[in-house]
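Asks:
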């Protein structure tokens with residue numbers, strides 16, 4: 079298997095809840111096999127977890143930080159947004175703010 083090159087500024091941290099995985103691995107493997115067929119035989123799939131967002135931020139350098147936890151464990155991702163990604167985030171935020179503005183004006 080080929081190793082992936084990872085930028086020093088882009089990281090993923092995963093801390094898995096081993097007792098939960100041991101308890102649910104048979105069902106999760108059945109889910110993977112049902113979803114992915116033959117390709118899912120060696121996988122565990124947890125399609126419906128209740129995530130608790132712990133952090134969601136973008137710093138002044140365009141680094142996106144997302145951290146969440148659920149019954150599987152704790153997950154954290156740091157990713158550098160390129161200009162196109164950053165513009166898409168800003169555009170989405172502006173659209174959402176305009177919807178809120180329209181809703182507030184309709185209530186007045």
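Numbering (the numbering used here), first residue to last: 79 to 186.
We treat Cβ as the ideally placed atom computed from N, Cα and C, and that holds for glycine.
So for residue 149, helix, strand or coil by DSSP?
Replies: Locating residue 149 in the chain shown gives position 71, where the first residue counts as 1. Coil.
Asks: Quick check on this structure: which residue in 142, 96, 116 and 173 has the alpha carbon closest to the alpha carbon of residue 158?
Replies: Here residue 158 is taken as the residue at index 80 of the chain shown, counted from 1. Looking at the Cα atoms, 142 is the closest of the given residues.
Asks: Among 149, 163, 162 and 145, which one has its Cα closest to the Cα of residue 155?
Replies: Locating residue 155 in the chain shown gives position 77, counting from the first residue. Checking every option, the nearest Cα to that of residue 155 belongs to 145.
Asks: Have a look at residue 103 and residue 113 and give me their C-alpha separation to the nearest angstrom.
Replies: For this step, residue 103 is matched to residue 25 along the chain shown. For this step, residue 113 is matched to residue 35 along the chain shown. Distance between the alpha carbons of residue 103 and residue 113: 15 angstroms.
Asks: Just verifying my parser: in three-state terms, what is the DSSP assignment at residue 141?
Replies: What you label residue 141 is simply residue 63 of the chain shown in a count that begins at 1. Three-state DSSP puts residue 141 in a strand.
Asks: DSSP on residue 176, reduced to helix/strand/coil?
Replies: Residue numbering aside, residue 176 sits at position 98 when the chain shown is read from its first letter. Looking at residue 176 - three-state DSSP - the assignment turns out to be helix.
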